[in-house]
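*Asks:* One structure, pasted below without further comment.
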Amino acid sequence: MLSVSNLSVQFGKRVLFDEVNTTFTQGNCYGIIGANGAGKSTFLKILSGKSDPTSGHVHLEPGKRMSVLEQDHNLYDEYPVLETVMRGNKPLFEVKTQIDALYADYSDENADKIGELQVEFEEMDGWNAESNAASMLSNLGIKTELHNSLMKDLDGQQKVRVLLAQALFGSPDVLIMDEPTNDLDYETITWLENFLANYDNTVIVVSHDRHFLDSVCTHISDIDFGKINHFSGNYTFWYESSQLAARQRAQQNKKAEEKKKELQEFILRFSANVAKSKQATSRKKMIDKLNINEIKPSSRRYP
């Protein structure tokens, strides 16, 4: 569905991503996590085409539509609320705009073109678009009497809900959201959790809300040390599994260190002893082969 290949991002001497290769598949919700400054929001901007990587590529499967939760809350201030939502499905809105323009300047010459566009519009479920957009707004707490208001007449929290409706509208094949629960009340967050839990397409989300990640994620995508690794399960499952793995690795390292110390002590005692010199040499080779894995420290405290 959506993939990145050989993706690297570097700011001066700081390497944010180093040759990342990964894929996001249909029907899964990926929670992007990492320490502050790891590059979560930067990665979403690159996926959505709003920023360019230093090198590498992002590939969206042909014919698939991506929708991104808009972060600029004032971008649509001069547009009506309902239209703002419908603009979230760009192909549908463009066809609708063409039909409206042709009807406004109707002639026999453009009748055939109108017919072609109407067929395309119907295939997009365009005739139900306004009612679907209105329903989405109502579900997110925007009252009907506000649907024809200009965006600039709404308060900040209302704008957030409209832009969320815009991102969700038309069931995009890939949905990208950065902190979607900000400025939402408990009831609206619960509605969004239920919506995403039953969503059939690909969702990629950054959130510091652990409960939200637990409710909606099928996978956790961990950004650490310039790489991205996918783990099946929600945030709590990832966290508990990673803690267990770290403890197991620490125990293995401790045993390896103890073995290394034992071998070193043997070598010190018997390296000068002719009878034991062959054994000392053999154990020196064992030390050289002994692999002590280093657990890299992470600054992560929150998703």
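In terms of this note's numbering, the sequence shown has 71 at position 83, counting the first letter as 1, and numbering is strictly consecutive.
All C-beta atoms in this analysis are idealised placements derived from N, C-alpha and C, irrespective of residue type, glycine included.
1. Whose C-alpha, out of 178, 188, 193 and 160, is nearest the C-alpha of residue 168?
2. Give the DSSP bridge partners of residue 77, in chain order.
3. Determine the contact status of residue 20 and residue 33, defining contact as a CB-CB distance below 8 Å.
4. Identify the residues that DSSP records as bridge partners of residue 193: which are they?
5. Is the region 180 to 199 in contact with the region 150 to 160, if contact means three or more CB pairs nearer than 8 Å?
6. Three Cβ pairs or more, each shorter than 8 Å: is that satisfied between the region 69 to 85 and the region 4 to 15?
7. What does a CB cutoff of less than 7 Å around residue 101 pick up in its chain, not counting 5 residues either side in sequence?
8. On the CB-based measure, 16 or more other CB atoms within 10 Å of its CB, does residue 41 come out buried or exposed?
9. According to DSSP, residue 56 sits in a beta bridge with which residue or residues?
10. Closest by CA to residue 208, which one among 225, 38, 215 and 179?
11. Identify which residue in 203, 62 and 248 has its Cα closest to the Cα of residue 140.
12. Rounded C-beta distance between residue 320 and residue 171? I'm assuming under 8 Å.
13. Rounded to whole angstroms, what is the Cα-Cα separation between residue 262 and residue 242?
14. Out of curiosity, what's the CA-to-CA distance linking residue 104 and residue 115?
15. Can you check DSSP and say which residues form a bridge with residue -4?
*Replies:* According to the data block:
1. For this step, residue 168 is matched to residue 180 along the sequence shown. It is 193.
2. Position 89 of the sequence shown, counted from the first residue, corresponds to residue 77. None, per the DSSP bridge assignment.
3. The sequence position of residue 20 within the sequence shown is 32, counting from 1. The sequence position of residue 33 within the sequence shown is 45, counting from 1. For residue 20 and residue 33, no; Cβs fall outside 8 Å.
4. If you number the sequence shown from 1, residue 193 lands on position 205. Residue 193 pairs with 19 and 165.
5. Under the Cβ criterion (8 Å, minimum of three pairs), the region 180 to 199 counts as touching the region 150 to 160.
6. When Cβ pairs closer than 8 Å are counted between the two stretches, the region 69 to 85 is seen not to touch the region 4 to 15, the count staying below three.
7. Within the sequence shown, the letter at position 113 stands for residue 101. Correct list, in chain order: 90.
8. As a first step, residue 41 is located in the sequence shown; it is residue number 53 there, counting from the start. By the Cβ neighbour-count rule, residue 41 is buried, with 16 or more other Cβ atoms within 10 Å of its own.
9. As a first step, residue 56 is located in the sequence shown; it is residue number 68 there, counting from the start. In the DSSP secondary-structure assignment, residue 56 is bridged to 164.
10. For the purposes of this step, residue 208 is taken as the residue at position 220 of the sequence shown. Measuring from the Cα of residue 208, the nearest candidate turns out to be 225.
11. In the sequence shown, counting from the first residue as 1, residue 140 sits at position 152. Minimum Cα distance to residue 140 is reached at 62.
12. Outside the shown range of the chain (-11 to 291) lies residue 320, about which nothing can therefore be said.
13. Reading the sequence shown from its first residue, position 274 is the one you call residue 262. Reading the sequence shown from its first residue, position 254 is the one you call residue 242. The predicted model places residue 262 with a pLDDT of 48, which falls under 50 and marks its position as unreliable; any figure quoted below should be read in that light. The alpha-carbon atoms of residue 262 and residue 242 are separated by roughly 32 Å.
14. For the purposes of this step, residue 104 is taken as the residue at position 116 of the sequence shown. For the purposes of this step, residue 115 is taken as the residue at position 127 of the sequence shown. Between residue 104 and residue 115, the C-alpha separation is close to 15 Å.
15. As a position in the sequence shown, residue -4 is number 8, starting the count at 1. The partner list for residue -4 (beta bridge, DSSP) reads 43.
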